[in-house]
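Structure first, then comments.
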Amino acid sequence: MAASREGNTRVSIPDTVDEIDLRIGRKAVRLTHLRKLFWPSLHITKGDLLRYYLAISPQLIPHLRNRAMVMKRYPNGANGKYFFMKRAPSPRPEWITTCEIEHDSGSTIDFPIVQDLASLLWTVNLGCIDLNQWYSRCDDIDRPDYLHFDLDPSKGTPFARVLEVALVVRETLQQLGMPAFAKTSGATGLHVYVPIKRGPLQKQVWTFAKALAQSVAEKHPKIATAEYLIAKRPHGRVFVDYNQNAWGKTLASVYSVRPTKLATVSTPVTWEEVQNGVDRGAFRMDTVPDRVAGLGDLWAPLLASSGRVRLEQFL
Numbered sequence: 032m033a034a035s036r037e038g039n040t041r042v043s044i045p046d047t048v049d050e051i052d053l054r055i056g057r058k059a060v061r062l063t064h065l066r067k068l069f070w071p072s073l074h075i076t077k078g079d080l081l082r083y084y085l086a087i088s089p090q091l092i093p094h095l096r097n098r099a100m101v102m103k104r105y106p107n108g109a110n111g112k113y114f115f116m117k118r119a120p121s122p123r124p125e126w127i128t129t130c131e132i133e134h135d136s137g138s139t140i141d142f143p144i145v146q147d148l149a150s151l152l153w154t155v156n157l158g159c160i161d162l163n164q165w166y167s168r169c170d171d172i173d174r175p176d177y178l179h180f181d182l183d184p185s186k187g188t189p190f191a192r193v194l195e196v197a198l199v200v201r202e203t204l205q206q207l208g209m210p211a212f213a214k215t216s217g218a219t220g221l222h223v224y225v226p227i228k229r230g231p232l233q234k235q236v237w238t239f240a241k242a243l244a245q246s247v248a249e250k251h252p253k254i255a256t257a258e259y260l261i262a263k264r265p266h267g268r269v270f271v272d273y274n275q276n277a278w279g280k281t282l283a284s285v286y287s288v289r290p291t292k293l294a295t296v297s298t299p300v301t302w303e304e305v306q307n308g309v310d311r312g313a314f315r316m317d318t319v320p321d322r323v324a325g326l327g328d329l330w331a332p333l334l335a336s337s338g339r340v341r342l343e344q345f346l
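Just so we're aligned, residue 32 is where the sequence shown starts under our numbering, counting upward by one.
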């Protein structure tokens with residue numbers, strides 16, 4: 032039975048009940064349908080998913096805090112239909128913090144924010160298998176804290192090629208004096224992130240990412256492409272996706288479980304692991320907590336105020 036601590040409170044989710052009112056400090060979270068199978072072929076239940084997030088919460092929550100959360104809900108598990116939900120549902124606990132964001136349509140949407148363990152478990156209990164937070168913090172939604180590249184292989188392209196392109200992207204960033212951090216997407220690709228100092232608008236970050244992706248594709252046309260339209264992408268190439276840097280877009284967060292056949296997890300990896308041919312299938316709900324317990328949070332530098340790139344010098 033997975034357990035974690037919130038302040039001085041030890042929190043655990045039993046595997047012998049179907050629902051529970053969980054007390055976390057002064058907050059109470061009702062968890063439901065705990066024995067519902069979310070991955071029938073793996074005998075993984077909704078309760079198992081919640082227990083995973085409970086175990087990984089100390090490393091995960093700092094990456095989600097103060098950021099609007101787009102909920103991708105799978106009420107019937109990984110094999111079922113899903114739907115996106117931006118607005119925090121009502122009724123909801125009074126302690127759920129929201130981030131009000133005005134869109135071009137003129138409507139204002141109050142997104143939920145995962146600030147602590149209680150709000151994390153509340154969000155996952157809604158059927159959110161993976162977590163998709165904004166790149167900017169709620170106090171300035173137009174200026175992100177990082178830029179990133181989603182390395183997306185075309186159908187039939189081996190993961191080894193994704194790793195090859197990741198190393199090329201890293202080398203390109205290093206030549207500009209930029210640190211880069213990698214994680215598996217939890218699906219077929221790899222994510223490369225660069226921590227930046229808040230300042231440039233999201234559109235400016237997108238513009239820089241697009242130019243760098245196009246440069247990578249021009250210099251390495253046999254393995255990489257920056258072609259956005261799927262129909263026009265050359266076969267066997269890895270798409271260096273810059274467009275996820277657009278305002279309002281999201282990617283699965285670090286440590287997110289993905290609705291894949293193996294219940295894989297978007298997991299930080301070292302560049303040495305990338306060079307040695309890391310196995311993306313090795314990072315699953317049942318393995319990642321032990322890995323993180325041993326290695327710590329490899330993405331902690333993305334939370335630090337120091338070491339961030341001033342992107343303005345490249346614009």
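Note that CB positions come from ideal geometry on N, CA and C, so glycine has one too.
What you are looking at is a predicted structure, and each value in this text was computed from that prediction instead of being measured.
Measure the Cβ-Cβ separation of Leu178 and Phe115 and say whether it is below 9 Å.
no
Below 8 Å, how does it come out for the stretch 139-154 and the stretch 95-103: are there three or more Cβ pairs, yes or no?
yes
Is the beta carbon of Arg229 sitting closer than 9 Å to the one on Ser185?
no
With a threshold of 8 Å, are at least 3 pairs of Cβ atoms found where one atom belongs to the stretch 67-79 and the other to the stretch 100-110?
yes
Chain B within 9 Å of Pro120, Cβ atoms only:
Chain labels in this structure do not include chain B; a single protein chain is all it has.
If you draw a straight line from the C-alpha of Thr298 to the C-alpha of Lys77, how long is it?
20 Å
Boundaries (first-last residue) of the alpha helix (DSSP H) holding Val155
148-156
Supposed contact pair Ile227 and Val42 - C-beta distance, whole angstroms, cut 8 Å:
Contact doesn't hold; Cβ gap of about 34 Å is too wide.
Would you kindly check if the distance between the Cβ of Ala191 and the Cβ of Trp302 is under 9 Å?
no
For the beta strand (DSSP E) holding His411, just list the boundary residues, first then last.
Since the displayed the chain opens at 32 and closes at 346, residue 411 lies outside it and no answer follows.
For Asp181 and Ala262, the rounded distance between their alpha carbons:
18 Å
Mind checking Thr219: buried by the 16 CB within 10 Å criterion, or exposed?
buried
So the candidates are Gln245, Val285, Leu85; which of them puts its Cα closest to the Cα of Leu333?
Val285
For Glu303, does the three-state DSSP call read helix, strand or coil?
helix
Is the CB-CB distance between Ser287 and Val296 below 9 Å?
yes
Pull up the CB-CB distance for Ala248 and Ala242, whole angstroms please, since I reckon it's below 8 Å.
About 11 Å separates the two Cβ atoms, so there is no contact after all.
Near Asp173, which residues of its chain fall below 8 Å by C-beta distance, leaving aside the five closest residues on each side in sequence?
Ser167, Leu232, Gln233, Trp278
For Ala59, three-class secondary structure by DSSP:
strand
Expressed to the nearest angstrom, what Euclidean distance is found between the alpha-carbon atoms of Ile44 and Leu152?
10 Å
Starting from Val269, follow its DSSP beta bridges and name the residues at the other end.
Pro184, Ala255
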